[in-house]
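Numbering (the numbering used here), first residue to last: 2 to 296. All C-beta atoms, glycine included, are put in the ideal place defined by N, C-alpha and C. The structure presented is a predicted model; accordingly, all values stated were derived computationally and were not measured.
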Amino acid sequence: MRVGVIGAGYWGPNIVRNLHEAPGAEAVAVADLSKDRLDVISKRFPAVRVTTNYRELIDDPSIDAICIVTPVGTHRKLAEEAFAAGKHVFVEKPLAATVSDAEAIVRAGDRAGKTLMVGHTFVYNPAVVAVKEILESDGIGRVHYIDSQRVNLGLEDVVFLQIGFPSGAIAHAHLSWLAPSKLRTMIVIGSQKMVVYDDVQGVEKVKIYDQGVDKLESDELRRSYRAGDIHSPRVPMTEALQVEMRHFIECVRDGTKPRSDGEAGLTVVRVLELAMRSLRSGGARVAYRLDPVRA
Ligand SMILES: NC(=O)c1ccc[n+]([C@@H]2O[C@H](COP(=O)([O-])OP(=O)(O)OC[C@H]3O[C@@H](n4cnc5c(N)ncnc54)[C@H](O)[C@@H]3O)[C@@H](O)[C@H]2O)c1
2 MRVGVIGAGY
12 WGPNIVRNLH
22 EAPGAEAVAV
32 ADLSKDRLDV
42 ISKRFPAVRV
52 TTNYRELIDD
62 PSIDAICIVT
72 PVGTHRKLAE
82 EAFAAGKHVF
92 VEKPLAATVS
102 DAEAIVRAGD
112 RAGKTLMVGH
122 TFVYNPAVVA
132 VKEILESDGI
142 GRVHYIDSQR
152 VNLGLEDVVF
162 LQIGFPSGAI
172 AHAHLSWLAP
182 SKLRTMIVIG
192 SQKMVVYDDV
202 QGVEKVKIYD
212 QGVDKLESDE
222 LRRSYRAGDI
232 HSPRVPMTEA
242 LQVEMRHFIE
252 CVRDGTKPRS
262 DGEAGLTVVR
272 VLELAMRSLR
282 SGGARVAYRL
292 DPVRA
């Protein structure tokens, strides 16, 4: 698979490197408006063609897929042009800045009948995959709540986001640029056990705590606390972006749906848009309703 990459800023070179390392694909050309950024690419990957005009990639019939790694406001235009030229498209997260732009990209992909994948790297992080498998195997019982911290990164200066789910579970996310150190943790509290995922740890990123509260049948108000073993499953050390690029290549080759497809990317943009609406109205609750993309 011959891939063209548009955008060689902070993240673009990581995409180019991972395409080189993945079997079955090669990054053949890179476009960026900045000559300086293209020089960085030429130095690291001398065989890759570079250009300041992204249309050279989109118009090149020998290129099968385009990776869009530019600022979010440019994603819709670039993705629509790439689909119109019959390319498969990988778009960096978030899919778009607005729900209407994200829907337009999903529709353009459907019309073209080509693969659309969104670069939600977290979904391909082996530790996150391990946590998901634990939850899906009913390893911790019913999920009561999720608490996550991603500080040293964020939308606004500081956000405390709370999301409620139909099951009654709630999720809380603390996001901020302003923090003394990098914290990337997620705690999932289940009725039987608790899982802690700490991305900053080099080893033992995931720990399962056999801890919980058992209600006593005889007296609703009395509870017994259970504190059992702590178990840390082995998590592969593979770079999440390498897993992600291999998945994109396989989905294009086999015509299968990516785990982070356009619909998944659109759902994230919907949640972000609602979070912004809540933020602008002083933290008011906003309702989320999942609408299918209208053709
Ligand atoms: N998956 C991840 O973990 C992850 C991490 C960082 C960034 N990102 C995403 O990657 C995307 C890019 O982020 P970044 O931090 O690299 O931004 P950046 O500003 O560092 O780089 C963007 C590059 O795109 C180029 N560009 C803009 N318009 C262009 C055009 N029309 N043609 C060619 N080049 C163009 C700019 O010159 C710039 O070099 C964003 O969507 C961001 O959210 C994802």
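Just checking Pro72 against ligand 1 - is the residue's beta carbon closer than 8 Å to any of the ligand's heavy atoms? yes
Between which residues of its own chain and Arg281 is the CB-CB distance below 8 Å, once the five residues before and five after are set aside? none
On a Cα-Cα basis, can you pick out the residue from Leu176, Ala9 and Phe166 that is closest to Ile42? Checked all of Leu176, Ala9 and Phe166; the closest Cα to Ile42 is Ala9.
Any non-hydrogen atom of ligand 1 within 8 Å of Glu81 CB: no
Cutting at 8 Å between CB atoms, please list the residues of its own chain near Arg295, excluding the five before and the five after it. Because the pLDDT of Arg295 is 45, which lies under 50, any placement of that residue in the model is unreliable, and the question is left without a value.
Measure the alpha-carbon distance for Phe91 versus Asp200 and round it to whole angstroms. 25 Å
Can you tell me whether Lys183 sits near ligand 1, meaning its C-beta is under 8 Å from at least one heavy atom of the ligand? no
In terms of alpha-carbon separation, which member of Gly74, Ile209 and Glu157 lies closest to Ile228? It is Ala, not Ile, that sits at residue 228 in the sequence shown. The residue with the shortest Cα to Cα distance from Ala228 is Ile209.
Can you tell me whether DSSP reads Tyr146 as helix, strand or coil? strand
Start and end of the alpha helix (DSSP H) containing Val244? Ala241 to Asp255
Which whole-angstrom value is the C-beta distance of Ala23 and Arg247, which I expect to be below 8 Å? 5 Å
Once the 5 residues before and after Lys258 are set aside, which same chain residues still bring their CB inside 8 Å of it? Cys252
With a threshold of 8 Å (Cβ to nearest heavy atom), would Pro95 be considered close to ligand 1? yes
Is Ala128 close to ligand 1? I mean its beta-carbon at under 8 Å from any heavy atom of the ligand. no
Proximity test, Cβ basis, 9 Å: Val100 and chain B: Among the chains in the structure shown there is no chain B, since it carries only a single protein chain.
Measure the alpha-carbon distance for Ser168 versus Gly74 and round it to whole angstroms. 35 Å
Quick one: what's Arg227 bridged to in DSSP? Bridge partners of Arg227: Gly213.
With burial defined as no fewer than 16 other Cβ atoms inside 10 Å of the residue's Cβ, what is the status of Val226: buried or exposed? Strictly speaking, residue 226 in this sequence is Tyr, with Val absent from that position. When all chains shown are included, Tyr226 counts as exposed.
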